[in-house]
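Taken in sequence, the protein lines are chains A and B. Counting along the first sequence from 1, when you hit position 39 you're at 1284 in the working numbering, and nothing is skipped either side. Counting along the second sequence from 1, when you hit position 327 you're at 489 in the working numbering, and nothing is skipped either side. The C-beta atom is built at its ideal place from N, Cα and C for all residues, glycine as well. Keep in mind the model is a prediction, meaning the values are calculated, not measured. Since the structure comes first, as structure tokens, the remarks are kept for the end.
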Amino acid sequence: MTALVASDISRNFGGLQALSHVSLTVEAGERRLIIGPNGAGKTTLFNLLSGAMAVSSGNVLLFGRDITRLPTYARARMGLARTFQITNLFPRLTVLENVLLALQAGDQSAFSLHRRMRANHQLFHGADALLRKWDLTAITGKRAGDIAYGEQRQIDLILAIAMQPKVLLLDEPTAGLSAAEVVRVVSMIRSLPREITILTIEHDMDVAFELADRITVLHQGCLVVEGDVEAVRNHPQVKEIYLGVD
Amino acid sequence: MSAFLLKRASTWPPLAAAALIGILVLLALPYLLSPYHLGLAVQMMIFALFAMSLDLLIGYGGMPSLGHAAYFGIAGYTTGLLALRLSLSVWLAIPAGLLLAALTAALFGLLALRTRGSYFLMITLALGQVVWGIAFGWRSLTGGDDGLPDVPRPDLGLHLGLPWSLTDNTPFYYFVLFSVAVGTFLLIRIVTSPFGYALRGIRESETRMLALGYNVWRYRFVAFVLAATFAGLAGCLYVYYDRFVSPDYLHVARSAEVLLMVILGGSGTLIGPAIGAALIVFLENVISAYTERWLLLLGLIYVVVALFAPTGLIGLVREFRLRRAEP
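Following this line, the structure appears as structure tokens:
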């Protein structure tokens, strides 16, 4: 079954074509890697897939359903989650409240005005279990803006995981992390259930090859190569444009 | 997690004790204060509710409105007109005021909620001035800048068979105390509900909330209408207190004043804006006895707060406690 299809999508910013006629088919459960130099259009691709930006042309399909015109939140409710290249948390709320908000999004009570959020023990247990699982209980009560950068990246990832997504878009999950933190985050991603489809943008090539089944290479807004790890690694054009080898 | 819950629970006894003492003092006030000071207390409570309603928008929803007096005034005019021209009972006049404030907010929300930040500030200001212009210009209905004098205070006794009328200051004080208490209770429920937490999330990061699957617009819209309704309740009460309503009710100066109450007290706390409101009402009354340059002083207060206490009085208290806790 195909999880996510981008069919001939483009996005212009004025005269600049940030992404031009990119087509992409990702199977359910696949681990897809998106690589490419700066300005290749990787984050733009994620913004179009998640609905943060509208496509200039083309279509996006999620499990066969056309979601091109759906707003971000509606796509999220269909099981499409994303993380952000620039950490995007609720900085003045505690880590626990951050996770609670992520869990609550999928809860029936989210729009309730009269219930008390703190009375929802099921939500609390869920948040507790998630933070316990990733050994982050020590920072539960701290404000998300006050914790270390490496921890913020992990919480950013946990917020997306908390939604129990079917398709997960990870925008440079290991950017700016120390070597030890990279190992942690990579193991977090690797431990996710195999049925979750994961698209990852990654700059660290070692991490990249470790996480991927297939790789898509973007360059200057165009799709250059797509294939399995070995094929892409040895592709002459990829060596030229991405790895900087003549 | 249990430790986390316990920590919250342990802050309860002192809080509950303080709240109990506060309630007892409020109940006893008519027997402690002169009529003049009791009137001041009524004003403080009404503006506390007004400021808290704006705090729902600013402090929780991250929507800085500079047109909040519009809803205060619309509800005030509605109630005032119905009481004055049709001698309508308070039980109909107030709900009508709230309804009109909510409907106006629903209409204005459709326009204002397309913007963020300072643009939101400007468009709410503009919409507020439209309402002010109508109140000022439509003389046959609103009396223009003469306003509507002699709005009668309601007579609850007739309807409930109770031995008192709200024309007396003491029953009126209790009427306002009760109304403000109900409003405050509802506001507290709203900000501690899942909806309230979602509003905080939207204040902190709208893009993340969208990515999590929240229909952000719907939350912002409901918050906008709710905030206007509570502002409307404050407006209704104020008309009965003042027995007068004029375009000053919806003037931008009033919007700015209530904004300052929120900022002075500390937005996003409810209690902070309530304290800020009480303080400003008190200062205005005291200082107006000596000089007519109250607005100048208000501006100075704003500058001092912005420079030295950007998180408001509540923020100062928190900082002080943090410093004591970590020597």
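Best match in the options for proximity to residue i [C-alpha to C-alpha]
| i | options | result |
| --- | --- | --- |
| G1295 (chain A) | A:G1351, A:G1284 and A:V1305 | According to the sequence shown, residue 1295 (chain A) is Ser rather than Gly. Nearest C-alpha to S1295 (chain A): A:V1305. |
| P435 (chain B) | B:F444, B:L422, B:L445 and B:T332 | B:L422 |
| G309 (chain B) | B:D404, B:A468 and B:T286 | B:D404 |
| R370 (chain B) | A:R1276, A:L1307, A:Q1330 and A:R1388 | A:Q1330 |
| D217 (chain B) | B:I463, B:L441, B:R485 and B:V424 | B:V424 |
| A1263 (chain A) | A:S1432, A:C1467, A:L1338 and A:V1483 | A:C1467 |
| G1309 (chain A) | A:T1288, A:G1284 and A:T1270 | A:T1270 |
| F334 (chain B) | B:I236, B:A203 and B:I476 | B:A203 |
| V372 (chain B) | A:W1379, A:T1339, A:A1273 and A:A1405 | Going by the sequence as given, residue 372 (chain B) is Leu instead of Val. Nearest C-alpha to L372 (chain B): A:A1405. |
| G1324 (chain A) | A:M1408, A:G1472 and A:G1421 | A:M1408 |
| R380 (chain B) | B:G358, B:E481, B:I449 and B:V338 | B:G358 |
| L189 (chain B) | B:V342, B:A439 and B:P257 | B:V342 |
| L1293 (chain A) | A:T1419, A:R1314, A:L1334 and A:G1421 | A:R1314 |
| I492 (chain B) | B:E446, B:T329, B:G375 and B:Q291 | No answer is possible for residue 492 (chain B): it lies beyond the span of chain B, which begins at 163 and ends at 489. |
| I220 (chain B) | B:A263, B:L261 and B:A385 | B:A385 |
| H1464 (chain A) | A:L1338, A:L1290, A:V1250 and A:L1402 | A:L1290 |
| P1316 (chain A) | A:L1307, A:A1326, A:T1332 and A:A1299 | A:A1299 |
| L287 (chain B) | B:P356, B:L243, B:A418 and B:A389 | B:A418 |
| A439 (chain B) | B:I463, B:T453, B:R455 and B:A258 | B:I463 |
| I1400 (chain A) | A:T1332, A:V1431, A:R1435 and A:P1438 | A:T1332 |
| E1475 (chain A) | A:G1274, A:L1278, A:L1338 and A:S1252 | A:L1278 |
| S1301 (chain A) | A:G1421, A:S1252 and A:A1321 | A:S1252 |
| F1258 (chain A) | A:L1358, A:V1267, A:G1286 and A:L1368 | A:G1286 |
| D1380 (chain A) | A:Y1318, A:P1438, A:V1340 and A:P1481 | A:V1340 |
| G305 (chain B) | B:L426, B:R480 and B:V407 | B:V407 |
| L475 (chain B) | B:E454, B:I442, B:I449 and B:N447 | B:I442 |
| M1433 (chain A) | A:E1396, A:V1462 and A:M1450 | A:E1396 |
| S215 (chain B) | B:V313, B:I364 and B:S429 | B:S429 |
Beta bridge counterpart(s) of residue i as assigned by DSSP
| i | result |
| --- | --- |
| V1250 (chain A) | A:T1270 and A:L1306 |
| L1278 (chain A) | A:T1445 and A:I1460 |
| S1255 (chain A) | A:S1302 |
Backbone secondary structure at residue i - three-state DSSP
| i | result |
| --- | --- |
| L310 (chain B) | strand |
| A1326 (chain A) | strand |
| T1339 (chain A) | strand |
| Q1262 (chain A) | strand |
| R365 (chain B) | helix |
| G461 (chain B) | helix |
| L168 (chain B) | Residue confidence is low: L168 (chain B) scores 43 on pLDDT, short of 50, so the model does not pin down where it sits. No coordinate-derived value is stated. |
| L1334 (chain A) | coil |
| G238 (chain B) | helix |
| G1472 (chain A) | strand |
| R1388 (chain A) | strand |
| D1451 (chain A) | helix |
| D1311 (chain A) | strand |
| L182 (chain B) | helix |
| P472 (chain B) | coil |
| M163 (chain B) | Reliability fails at M163 (chain B), whose pLDDT of 42 lies under 50, so the model's placement of it is uncertain and the value that follows must be treated cautiously. The answer is coil: DSSP assigns M163 (chain B) none of H, G, I, E or B. |
| R485 (chain B) | helix |
| H1480 (chain A) | coil |
beta-carbon residue i near the ligand PLP non-hydrogen atom, thresh 7 Å
| i | result |
| --- | --- |
| A1285 (chain A) | Here there are no bound small molecules, and the ligand PLP is not part of this structure. |
query = Name the residues in the stretch 1342-1364 of chain A whose C-beta lies less than 8 Å from a C-beta of chain B; which are they?
reply = So the list reads E1342, L1345, L1346, A1347, Q1349, A1350, G1351, D1352, S1354, A1355, F1356, S1357, L1358, H1359, R1360, R1361, M1362 and R1363, given in the order they occur along the chain.
ask   = Which of the residues in the stretch 1302-1324 of chain A, read from start to end, lie with their CB under 7 Å from any CB of chain B?
value = Answer in chain order: T1317, Y1318, A1321 and R1322.
task = List in chain order: all unbroken alpha helix (DSSP H) runs of 4+ residues lying wholly within the stretch 374-457 of chain B.
result = Every alpha helix (DSSP H) of 4 residues or more that sits fully in the stretch 374-457 of chain B is shown, in chain order, as 378-404, 414-427 and 433-450.
key: Whole alpha helix (DSSP H) elements within the stretch 1408-1442 of chain A, 4-residue minimum   = Qualifying alpha helix (DSSP H) stretches, in chain order: 1424-1435.
Residues within the stretch 341-363 of chain B neighbouring chain A, beta-carbon criterion of under 8 Å = Residues R351, I352, T354, S355, P356, F357, G358, Y359, A360, R362 and G363.
request  = Name, going along the chain, the residues of the stretch 1326-1340 of chain A whose beta-carbon falls closer than 9 Å to a beta-carbon of chain B.
outcome  = Listed by position along the chain: A1326, R1327, T1328, F1329, N1333, L1334, F1335, P1336, R1337 and L1338.
query = For the stretch 264-291 of chain B, which residues have a beta carbon sitting closer than 7 Å to at least one beta carbon of chain A?
reply = Those would be none; no residue qualifies.
task = Pick out the complete alpha helix (DSSP H) segments inside the stretch 1355-1384 of chain A, 4 residues or longer, and give them in chain order.
result = 1366-1378, all fully within the stretch 1355-1384 of chain A.
task = Give, in chain order, every residue of the stretch 365-378 of chain B whose Cβ lies closer than 9 Å to some Cβ of chain A.
result = Look at the stretch 365-378 of chain B: the residues with a C-beta under 9 Å from a C-beta of chain A are R365, E366, S367, T369, R370, M371, L372, A373, L374, G375, Y376, N377 and V378.
request  = Output, in sequence order along the chain, the residues in the stretch 1286-1297 of chain A whose CB is closer than 9 Å to any CB in chain B.
outcome  = When CB distances to chain B are screened at a threshold of 9 Å, the residues of the stretch 1286-1297 of chain A falling below it are S1295, G1296 and A1297, in chain order.
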